[in-house]
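Only one structure is covered here, and it is reproduced in the block below.
Protein chains in written order, with our numbering: chain P, 148 to 498; chain F, 3 to 275.
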């Protein structure tokens, strides 16, 4: 099949012309139209994080029991971590012991350099408890470190998400957390910037709505602490993100018009621009849930009112069209505006 | 008459094919700023991967080198510039792109935004197709973890501890990729198609040779970050396969699937030539 693609590529090469200002295309027959999701897929966490300092070198790690636990000690600097683990039954894995499968406790090391996320240079230490008891383990670490404890097999998980994923200035932001598993009681907090927010529970979903004064990609950290229905303590740490748009421009909702002639759909819109620069005017055309065609064009927009026009070849005779219209920043990446309108080409009016 | 035109057109296409000069471009994933150094970028792949893919260095090749901490649009500009200069200097008009990890997102940025940079479209025109190894097309839960651990939310010194969830890592979180997939990138379901075919290769193994400490590190990441389904320690299979055509999967983990060692991925890439 790959060999056949070369012919297709050569066909395109033969047909190569100067790049047009605007780009248009069609979707594969029957492809479903998908509106942008209100939030990113929920992050699912079965881990929690604790800090070990020089003043407090010992931390408790509550385990829900039944499955394994991975305990990862990330040193604060280049110093090698040496952790001592004490189990609820009193077994101790001393710093120089590697443990064994028979003991159900093992110690591994790896270098941060090849893992691929941003870690301090140096050796990382991982302890593996092969099957935990539903009780607290204690870890003592000789240098400042982050301790990450995960129960990858545990049914107790925290899902976190934030709406909306693309937040325009002034829009409220809602933080969500959902705890799955046999929860007895729990408290969930979140941190956004320097603020700590208490999430309120309703029907098993913890949430809080706020109007933060922020711009750009924002990360929200979630912390849950509580007890299972069997009385075992648990903790979970998680995160989620949203983009606080900077309000560089705005699509005027009721300005969008569409007309059709000779197989071409002409879409017009107005934009109020605060920050002049390069933007992209994008339109996706759909009908009855099926994506039909798309068009996009770069526009240099001035401060104030701007008129946008895009022409998209449209072979479909569908009478009712949905237009998903976007204005995207190019100088600074971000969604300046998005409007969805239903149009009826006969009347050329907006529903 | 129509048949005669078709035959002539076919003949011309084959004639063009016979004259096409093929080259291969390697685009690495995220990492440190030192990946802007060509020597470091070459070492990222390993000599045997480059040798195998280029059939003993007989296929003209370019190893892109860009700062591995930057957003895809920053990296895309550097990569496109390098490809543009190389293809023109060497009259390469048939390019197969090989990417690893975030490199697959960088080339998607270029393919998705041909008008963003004047060099993008000429580069796109000459691409035959893209082979994308372990691309985080829907993000990486490991990048989410990096974000969770970063910052000053625990104590002040944690800023220095976990350092910086840098721009390329932020780019690769599942939330960020959800955002970019919806507005700026093409090729996922419901979005316009990419102008060139992407063949994806997902990694589905963690424990490879167990001699390298990376295996322990990637297995730890996989367990701690909570990657759903199969993964290679950094990128989940669902994410790698979210764009393009599945070519094959490999048991090589994220450390090994950019090299030609644990599994002979370079040998597979070489079958394109």
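Every residue, glycine too, gets a C-beta built ideally from N, C-alpha and C.
query: Taking a Cβ distance cut-off of 7 Å, strictly less, list which residues of the region 203-217 of chain P are near chain F, in chain order.; result: 217
query: Kindly indicate which three-state DSSP category residue 154/P falls into: helix, strand or coil?; result: Low local confidence applies: a pLDDT of 44 at residue 154/P is under 50, so the model's placement there is unreliable, with the coordinate-based value given in what follows. In the structure shown, residue 154/P sits in a helix (DSSP, three-state: H, G or I).
query: Once DSSP output is grouped into helix, strand and coil, what is the label at residue 74/F?; result: helix
query: Which first and last residues belong to the beta strand (DSSP E) in which residue 284/P is found?; result: 283-288
query: Whose Cβ in chain F lies nearer than 8 Å to the Cβ of residue 176/P?; result: Those do not exist, as residue 176/P stays about 12 Å from chain F at its closest Cβ, beyond 8 Å.
query: Residue 44/F by DSSP, collapsed to three states: which one?; result: helix
query: Does residue 487/P come out as helix, strand or coil in the three-state DSSP assignment?; result: strand
query: Roughly how many whole angstroms lie between the Cα atoms of residue 93/F and residue 23/F?; result: 7 Å
query: For the putative contact between residue 260/F and residue 47/F, defined by C-beta atoms under 8 Å, what is the C-beta separation to the nearest angstrom?; result: 6 Å
query: For the pair the region 405-413 of chain P and the region 376-389 of chain P, tell me if three or more CB-CB distances fall below 8 Å.; result: no
query: Which residue or residues does DSSP assign as beta-bridge partners of residue 332/P?; result: 374/P
query: Please return the same chain residues whose Cβ sits closer than 8 Å to the Cβ of residue 379/P, not counting the five positions on each side in sequence.; result: 209, 210, 211, 212, 281, 282
query: For the region 235-250 of chain P and the region 291-302 of chain P, state whether three or more C-beta atom pairs, one from each stretch, are separated by less than 8 Å.; result: no
query: If I measure Cβ to Cβ from residue 219/P and keep anything under 6 Å in the same chain, skipping five residues before and after, which residues do I get?; result: 273, 295
query: Using a Cβ-Cβ cutoff of 8 Å, what residues of the region 363-391 of chain P are near chain F? List them in chain order.; result: 364, 366, 368, 384, 385, 386, 387, 388, 389, 390
query: For residue 168/P, report the span of its alpha helix (DSSP H) as first-last.; result: Premise fails: residue 168/P is in no alpha helix (DSSP H) and is neither H nor E.
query: How far does the beta strand (DSSP E) with residue 354/P in it reach, from first residue to last?; result: 352-357
query: At a CB distance below 7 Å, what residues from the region 268-282 of chain P approach chain F? Give them in sequence order.; result: 271, 273
query: Is the shortest distance between the beta-carbon of residue 306/P and the beta-carbons of chain F less than 8 Å?; result: no
query: Residue range of the beta strand (DSSP E) that residue 422/P falls in?; result: Premise fails: residue 422/P is in no beta strand (DSSP E) and is neither H nor E.
query: Name the chain F residues whose beta carbon is nearer than 8 Å to that of residue 181/P?; result: 191, 192, 193
query: I need the straight-line Cα distance from residue 181/P to residue 95/F, nearest angstrom please.; result: 36 Å
query: Can at least three beta-carbon pairs, one atom from the region 73-86 of chain F and one from the region 400-407 of chain P, be found at a separation below 8 Å?; result: no
query: Count the other CB atoms within 10 Å of the CB of residue 278/P; is the residue buried (16 or more) or exposed (fewer)?; result: exposed
query: Residue 138/F versus chain P: which residues are under 8 Å apart at the beta carbon?; result: Within chain P, no residue comes near residue 138/F; the closest Cβ sits about 10 Å away, beyond 8 Å.
query: Chain P beta carbons: is any one of them nearer than 8 Å to that of residue 207/F?; result: no
query: What residue from 241/F, 61/F, 272/F, 263/F has the CA that sits closest to residue 104/F's CA?; result: 241/F
query: Using a Cβ cut-off of 7 Å, which residues of the region 403-434 of chain P contact any Cβ in chain F, in chain order?; result: none
query: Enumerate, from N- to C-terminal direction, the unbroken beta strand (DSSP E) stretches of 3 or more residues contained entirely within the region 83-161 of chain F.; result: 96-102, 129-135
query: Roughly how many angstroms lie between the CA atoms of residue 237/F and residue 352/P, to the nearest whole one?; result: 29 Å
query: Indicate whether the contact test is met: 3 or more Cβ pairs, each with one atom in the region 36-47 of chain F and one in the region 106-117 of chain F, closer than 8 Å.; result: no
query: Using a Cβ cut-off of 8 Å (strictly closer), state whether residue 295/P contacts chain F.; result: yes
query: Among the candidates 247/F, 82/F, 226/F, 100/F, whose CA atom is the shortest distance from the CA of residue 127/F?; result: 82/F
query: Excluding sequence positions up to five away, which residues of its chain have a Cβ less than 8 Å from the Cβ of residue 200/P?; result: 291
query: Taking Cβ-Cβ distances shorter than 7 Å, what residues in chain F pair up with residue 190/P?; result: 146, 176
query: For residue 359/P, decide whether its Cβ has a neighbour in chain F, counting only Cβ atoms nearer than 8 Å.; result: no
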